[in-house]
Amino acid sequence: MARPRTINRETLLDTAEVLLHKHGASSLSFGAIAAESGLSKASVQSAFGTREQMLDALLGRWMGKEQERFNAIAGENPDAQQRLHAHIKATKEEASEASSRILSLLAAQIGSGTQSESMLAWYRDRLGTLEANDVEARKRRIAYLAVEGAILVRDMVGYQIDDALWTEIFDDLEAYAKS
4 MARPRTINRE TLLDTAEVLL HKHGASSLSF GAIAAESGLS KASVQSAFGT
54 REQMLDALLG RWMGKEQERF NAIAGENPDA QQRLHAHIKA TKEEASEASS
104 RILSLLAAQI GSGTQSESML AWYRDRLGTL EANDVEARKR RIAYLAVEGA
154 ILVRDMVGYQ IDDALWTEIF DDLEAYAKS
């Protein structure tokens, strides 16, 4: 009697990333991942439950990597200003391709009528409530939203921003946040 295969969720996420890179978010189906992994579709589905949960698992994985970069820049116990500067720097250094993949996964989730719990948690941790009761807090809020807007314009809309302009934009954001 054959020994049942162990289903490794991380390996399935690796496979999903390969498919996403090769064919885009529309290729992320249980059937495609199963075919690439040599497993049954039911086996892949049992690891995630729904396609949306699989997309969220991918987002959670990528946001964890981004959080590691952020933490390395911010250091231990950063204050609000240090957190903002770490966010600006981590975002400035993030590759357009990685950001585009994240946004395509978010778009796929939105298209299915769901939202990403991983992204909501990430934003809540990073941005807090967005409430601001003084001038400095208002400037930080504007800077955070401008950073996220730059990502959307470049990676979701496809507006061409070369590396020099990207650096200039983020240098301006850092200068604004410091002023």
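Position one of the sequence shown corresponds to residue 4 (the numbering used here), numbered consecutively onward. Backbone N, C-alpha and C fix where the C-beta goes; we use that ideal spot for every residue, glycine too.
Take residue i as the anchor and find which of the options has the nearest alpha-carbon.
i, options, result
"Leu109", "Phe173, Val150 and Asp158", "Asp158"
"Asn11", "Arg144, Leu168, Phe51 and Tyr179", "Phe51"
"Gly161", "Glu100, Glu55, Ala111 and Leu130", "Glu100"
"Glu3", "Ala83, Asp174 and Glu55", "Absent from the structure is residue 3, since the part of the chain shown begins at 4 and ends at 182."
"Met66", "Ala77, Leu168, Leu42 and Trp125", "Trp125"
"Gln84", "Thr18, Tyr147 and Ser115", "Tyr147"
Can you round the beta-carbon distance between residue i and residue j to whole angstroms, since I take them to be within the 8 Å contact cut?
i, j, result
"His90", "Val150", "6 Å"
"Leu58", "Gln112", "5 Å"
"Ala180", "Lys142", "7 Å"
"Ala93", "Glu69", "6 Å"
Is any non-hydrogen atom of the ligand ADP found closer than 8 Å to the C-beta of residue i, if you look at the structure I gave you?
i, result
"Ile36", "What this structure holds is no ligand at all, so the ligand ADP is not there to describe."
Does residue i come out as helix, strand or coil in the three-state DSSP assignment?
i, result
"Glu171", "helix"
"Val160", "coil"
"Gly67", "helix"
"Thr132", "coil"
"Asp82", "coil"
"Ile76", "helix"
"Gly41", "coil"
"Thr117", "coil"
"Thr53", "coil"
"Leu31", "coil"
"Asp59", "helix"
"Asp166", "helix"
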